[in-house]
Amino acid sequence: MQSTQLADYSAQHFLWEANAGVATITLNRPERKNPLTFDSYAELRDLFRALVYADDIFCVVMRGAGGNFCSGGDVHEIIGPLTKMSMKELMGFTRMTGDLVKAMRACPQPIISAIEGICAGAGAIIAMSSDLRYAAPNAKVAFLFNRVGLAGCDMGACAILPRIIGQGRTSELLYTGRAMKTEEGERWGFYNGISDVPYDAATKMAHRIASGPTFANGITKNQLQYEWNMSVDQAIEAEAQAQAICMQTEDFVRAYDAFVNKEQPVFEGN
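Positions 6 to 275 (the numbering used here) are the ones given, in order, by the sequence shown.
And the structure:
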């Protein structure tokens with residue numbers, strides 16, 4: 006498929022802006038702590054699917070407006086209607102929300118979440134599904150499905166979260182629905198850092214990543230995702246093939262030439 010340009014994408018259900026290859030998605034319903042709706046779920050899913058083909062976006066930052074990240078699915082616009090749906094309709098919804106996580110993990114651009122205040126339910130899943138996470142001291146991440154009578158196995162939580170913080174810690178959070186304290190999140194490896202202004206920390210890292218060999222970064226994300234299901238021997242072979250592909254890029258040549266000339270390489274993503 007032909008590559009696309011997404012820097013000027015016009016979002017309908019959240020804010021989108023792009024600068025120097027770094028896009029920012031802002032969940033923008035601050036009066037309700039930025040809950041998701043059926044429409045915003047679907048638009049986020051479709052946008053991350055489209056990012057696979059974008060050649061002008063190299064890193065994505067996610068944040069919420071008004072001092073909170075995301076309070077999860079909107080109680081009145083999602084939770085209420087779900088209680089009246091048939092099994093077929095419910096399966097359609099849960100598969101659609103899972104497709105958002107699949108799209109986030111499949112797009113080649115690293116995703117960085119900047120987390121302030123409330124980050125609950127589906128908001129916690131979005132943070133979990135990101136590649137890096139920076140938190141404010143007041144961040145409260147809660148996988149609270151248990152507290153509303155549901156299983157903790159939502160949108161890949163039982164598969165992804167243990168790989169970040171471990172099986173025992175994941176079990177506690179999913180069985181109780183309690184909020185993970187910020188210092189716990191950093192100590193357990195959920196957060197890459199704590200900052201009074203996590204968006205600034207996330208954006209700084211995003212621009213650093215975007216200035217690197219972006220094609221190779223996409224390969225790294227791909228391997229981090231798919232090697233979960235491989236044996237060590239399979240992973241080593243997959244990485245051998247992936248690295249050989251990267252050795253065919255102009256960025257690899259640029260890095261060598263810069264080293265020879267005692268210069269900093271300027272990568273162009275090809």
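Glycine included, each C-beta is placed from N, C-alpha and C at the ideal position.
Based on Cα-Cα distance, which residue from the options lies nearest to residue i?
i       : options                            : result
Thr-187 : Thr-99, Ile-123, Ile-224           : Ile-123
Ala-211 : Met-109, Met-67, Ala-125, Phe-220  : Met-67
Thr-99  : Phe-195, Gly-194, Met-109, Gly-78  : Gly-78
Ala-111 : Ile-83, Leu-56, Gly-69             : Leu-56
Met-189 : Gly-182, Leu-179, Ile-170          : The question names Met, but residue 189 is Glu in the sequence shown. Out of Gly-182, Leu-179, Ile-170, Ile-170 has the C-alpha closest to the C-alpha of Glu-189.
Gly-72  : Ala-119, Leu-41, Glu-177           : Ala-119
Ala-162 : Thr-31, Ala-129, Asp-205           : Ala-129
Ala-215 : Ala-12, Tyr-14, Ala-25, Ala-16     : Ala-25
Gln-17  : Glu-48, Pro-35, Tyr-231, Ile-199   : Glu-48
Asn-197 : Asp-13, Ala-125, Ala-132           : Ala-132
Val-303 : Ser-236, Asn-222, Asn-143          : Since the first and last residues shown for the chain are 6 and 275, residue 303 lies out of range.
Ser-115 : Cys-64, Leu-178, Lys-145           : It should be pointed out that residue 115 corresponds to Pro in this sequence rather than to Ser. For Pro-115, the nearest C-alpha among the options comes from Cys-64.
Lys-38  : Arg-213, Lys-145, Asp-238, Leu-178 : Lys-145
Asn-151 : Ser-134, Asp-13, Ile-165, Ala-125  : Ala-125
Whose C-beta lies closer than 6 Å to the C-beta of residue i among residues of the same chain, with five residues either side of it excluded?
i       : result
Pro-167 : Thr-175
Asn-33  : Phe-19, Leu-20, Ala-70
Trp-193 : Ile-170, Arg-174
Cys-158 : none
Rounded to a whole number of angstroms, what is the C-alpha to C-alpha distance between residue i and residue j?
i       : j       : result
Ser-8   : Ile-250 : 19 Å
Val-265 : Arg-259 : 10 Å
Met-90  : Ile-83  : 11 Å
Glu-121 : Phe-74  : 5 Å
Tyr-180 : Gln-246 : 41 Å
Ile-199 : Arg-183 : 20 Å
Tyr-46  : Glu-268 : 45 Å
Asp-61  : Gln-10  : 6 Å
Ala-263 : Pro-270 : 5 Å
Val-80  : Ser-15  : 26 Å
Tyr-233 : Lys-107 : A small correction: the amino acid at residue 233 is Trp; Tyr does not occupy that position in the sequence shown. Computed Cα separation, rounded: 14 Å.
Ile-288 : Leu-229 : The structure shown does not extend to residue 288, since the chain is modelled only from 6 through 275, so no value can be given for it.
Met-252 : Glu-273 : 14 Å
Pro-35  : Gly-85  : 20 Å
Phe-53  : Ser-135 : 12 Å
Taking residue i and residue j to be in contact with their CB atoms under 8 Å, please state how far apart those CB atoms are, rounded to whole angstroms.
i       : j       : result
Ala-127 : Thr-102 : 7 Å
Leu-95  : Ile-117 : Their Cβ separation, rounded to whole angstroms, is 32 Å, which puts Leu-95 and Ile-117 out of contact at 8 Å.
Thr-208 : Val-27  : 7 Å
Pro-113 : Gly-223 : 3 Å
Quick check: is the beta carbon of residue i nearer than 7 Å to any beta carbon in chain B?
i      : result
Tyr-58 : In the structure shown, chain B cannot be found, because there is only a single protein chain.
Looking only at its chain, what residues have a beta carbon closer than 8 Å to the beta carbon of residue i, apart from the 5 residues adjacent to it on each side?
i       : result
Asn-275 : Phe-220, Thr-254, Glu-255, Asp-256
Met-92  : none
Since residue i sits in a beta bridge, which residues does DSSP pair it with?
i       : result
Ala-119 : Tyr-139
Lys-107 : Answer is none; Lys-107 lacks a bridge partner.
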